[in-house]
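1 is the number of the first residue of the sequence shown in this note's numbering; add one for each residue after it. First comes the structure, then the notes that go with it.
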Amino acid sequence: MIQDSNVDPKNSTSCPAKVHRLGLIGCGWVLPFHLRALRQLSDRARVVWVADPARERAEKAASEIGVKALTDYHAGLDEVDAAFVLVPHHLHHPVTLDCLRAGLDVLVEKPLAVTLDQADEMIETADRLGRVLMVAYPHRYRRSMRLLKQAIEGGRYGRLIMLDAMMDESLRGYALGWLAKKATLGGGLFFSASPHMLDVLFWIGGEVKSLSMVGTHGGIPMEGEDTAASIMKFASGVIGVTRHTWASPRCRIWYTLNAMCEGAHVTLTTTPLGDLAKDGVKCAWRTRVVALGEAEEVLLESDEGLEMQPEDAHFLDCLGDRRRPETDGRAARRIMELVFQAYREAAC
Ligand SMILES: NC(=O)c1ccc[n+]([C@@H]2O[C@H](COP(=O)([O-])OP(=O)(O)OC[C@H]3O[C@@H](n4cnc5c(N)ncnc54)[C@H](O)[C@@H]3O)[C@@H](O)[C@H]2O)c1
Numbered sequence: 001m002i003q004d005s006n007v008d009p010k011n012s013t014s015c016p017a018k019v020h021r022l023g024l025i026g027c028g029w030v031l032p033f034h035l036r037a038l039r040q041l042s043d044r045a046r047v048v049w050v051a052d053p054a055r056e057r058a059e060k061a062a063s064e065i066g067v068k069a070l071t072d073y074h075a076g077l078d079e080v081d082a083a084f085v086l087v088p089h090h091l092h093h094p095v096t097l098d099c100l101r102a103g104l105d106v107l108v109e110k111p112l113a114v115t116l117d118q119a120d121e122m123i124e125t126a127d128r129l130g131r132v133l134m135v136a137y138p139h140r141y142r143r144s145m146r147l148l149k150q151a152i153e154g155g156r157y158g159r160l161i162m163l164d165a166m167m168d169e170s171l172r173g174y175a176l177g178w179l180a181k182k183a184t185l186g187g188g189l190f191f192s193a194s195p196h197m198l199d200v201l202f203w204i205g206g207e208v209k210s211l212s213m214v215g216t217h218g219g220i221p222m223e224g225e226d227t228a229a230s231i232m233k234f235a236s237g238v239i240g241v242t243r244h245t246w247a248s249p250r251c252r253i254w255y256t257l258n259a260m261c262e263g264a265h266v267t268l269t270t271t272p273l274g275d276l277a278k279d280g281v282k283c284a285w286r287t288r289v290v291a292l293g294e295a296e297e298v299l300l301e302s303d304e305g306l307e308m309q310p311e312d313a314h315f316l317d318c319l320g321d322r323r324r325p326e327t328d329g330r331a332a333r334r335i336m337e338l339v340f341q342a343y344r345e346a347a348c
């Protein structure tokens, strides 16, 4: 039985000493970010194996952390308590179902699936089997993002009026293979990656009344749009805006979220000091949260970048407490539903 995510973890009956055994499925670009996070969480989780049909990738990742390499994850399902599903989007559904049906809890990379029917089957299966199903939307778990939300909600800067998020990414030469095809990506960039911002905006803004988008092709050879903008209106009256591209000539900022309140702009900016696509987990970062009202007030300065540690820690908390993650299947499905509706209305 999985409880709602608002259960106070301090009242949890879980055994803090439990070390969860993990299998990591998919040894591509994103894997090193989770490996770094799990090294920091080694008192709470132990990777037992990594799996990838590309043998050399599985063996390279396995040798770096001293675990077993599998070319077929099915062979390891009975050796672990939970799995991370880090595979192309069209495979999220079959791989997640295999894991849930084998009795595992699952952290699946975003998006949950590529169709709503798939999403429904995954949610229903997790519910019926009493498994934790979490979707990896890392940004809301980041320390800087938590601070930004607290600063807005603390009321010190007055009522929130508008949220404006931008992701500026340069994926020339990287958005190839499954990333370039609608059938395997599930859509364009607005489906694949803009939900990083949508998740945070929905988390801060609350109930969404409407979402619309426009997309275009900025030069990345992919079937779906590589550049998109959206506007949304929340039940509270707050307006939200996203701007996002994979076709940037140069990624200057990567991620910035500006909350315009009555008394100040409160802005989170995360800037790579290298080339994120090329450097991956080795990329260094600078993150700032600043309130700009009468004067400039620096709320946070740190080297935080694309950190998976807070997100992975939340997943482990949910395993221990048997509670629903904040970014559970339903939250991720709601994003998909709104994105598909916005696509239909934009005829894009
Ligand atoms: N949270 C983030 O910021 C972030 C960033 C990048 C990617 N992602 C997500 O991570 C996932 C993977 O993306 P990526 O960039 O690592 O892709 P990738 O193409 O670099 O790696 C995918 C890997 O999955 C492997 N694979 C394919 N079928 C498999 C199977 N049946 N079993 C095991 N492995 C299999 C491929 O061989 C490949 O090595 C996607 O869902 C993507 O959206 C998230």
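Just so it is clear, CB atoms sit at the ideal spot from N, CA and C, and this is done for glycine as well.
Residue burial classification, residue i (beta-carbon count within 10 angstroms, cutoff 16)
| i | result |
| --- | --- |
| glycine 219 | exposed |
| glutamate 345 | exposed |
| tryptophan 254 | buried |
| valine 30 | buried |
| proline 272 | buried |
| glutamate 307 | buried |
| isoleucine 25 | buried |
| lysine 397 | The structure shown does not extend to residue 397, since the chain is modelled only from 1 to 348, so the question has no answer here. |
| proline 9 | Note that proline 9 scores 39 on pLDDT, short of 50, meaning its location in the model is unreliable; the coordinates nonetheless yield the value given after this. Proline 9 is exposed by the Cβ-count criterion. |
| glycine 177 | exposed |
| glutamine 150 | exposed |
| lysine 359 | The structure shown does not extend to residue 359, since the chain spans only 1 to 348, so no value can be given for it. |
| lysine 110 | buried |
| glutamate 153 | exposed |
| proline 64 | First, the residue type needs correcting, since residue 64 is glutamate and not proline in the sequence shown. So glutamate 64 counts as exposed. |
| threonine 245 | buried |
| aspartate 164 | buried |
Residue range of the alpha helix (DSSP H) that includes residue i
| i | result |
| --- | --- |
| arginine 128 | 116–129 |
| alanine 58 | 55–65 |
| tyrosine 343 | 329–346 |
| isoleucine 152 | 143–153 |
| threonine 184 | 182–185 |
| glycine 320 | 309–321 |
| lysine 278 | 276–279 |
| alanine 247 | Looking at the DSSP string, alanine 247 is not in any alpha helix (DSSP H), and its letter there is neither H nor E. |
| serine 236 | Element bounds for serine 236: n/a, residue is neither H nor E. |
| alanine 37 | 31–40 |
| cysteine 261 | It is not in any alpha helix (DSSP H) - cysteine 261 instead sits in the beta strand (DSSP E) that spans 255–261. |
| tryptophan 96 | It should be noted that the sequence gives threonine, not tryptophan, for residue 96. That run of the alpha helix (DSSP H) goes 92–101. |
First and last residue of the uninterrupted beta strand (DSSP E) at residue i
| i | result |
| --- | --- |
| leucine 201 | From DSSP, leucine 201 is part of no beta strand (DSSP E) but of the alpha helix (DSSP H) over 195–205. |
| threonine 267 | 265–272 |
| aspartate 168 | 160–168 |
| histidine 20 | 20–25 |
| leucine 299 | 296–302 |
Cβ distance (whole Å) where residue i is taken to contact residue j below 8 Å
| i | j | result |
| --- | --- | --- |
| isoleucine 335 | proline 195 | 5 Å |
| glutamate 225 | glycine 188 | 4 Å |
| alanine 126 | leucine 100 | 6 Å |
From the options, residue whose alpha carbon lies closest to that of residue i
| i | options | result |
| --- | --- | --- |
| valine 266 | Lys233, Lys182, Ala193, Arg156 | Arg156 |
| leucine 112 | Arg131, Leu104, Ala102, Leu91 | Leu91 |
| methionine 166 | Arg333, Asp72, Gly240 | Gly240 |
| arginine 131 | Asp321, Ala332, Ala342, Arg39 | Asp321 |
| leucine 147 | Glu124, Cys27, Ala291 | Ala291 |
| serine 192 | Asp303, Thr115, Ala235, Cys261 | Thr115 |
| threonine 242 | Ser248, Val298, Leu201 | Leu201 |
| arginine 43 | Leu316, Glu207, Asp52, Ala136 | What sits at residue 43 in the sequence shown is aspartate, not arginine. Nearest of Leu316, Glu207, Asp52, Ala136 to aspartate 43, Cα basis: Leu316. |
| leucine 179 | Glu337, Met222, Leu70 | Met222 |
| tryptophan 49 | Gln40, Leu35, Leu41 | Leu35 |
| cysteine 251 | Ala54, Val108, Ala37, Arg172 | Arg172 |
| alanine 228 | Ala235, Ala247, Phe234 | Ala247 |
| cysteine 318 | Met134, Ala264, Asp168, Gly280 | Met134 |
| cysteine 283 | Pro32, Cys27, Ala264, Ala347 | Pro32 |
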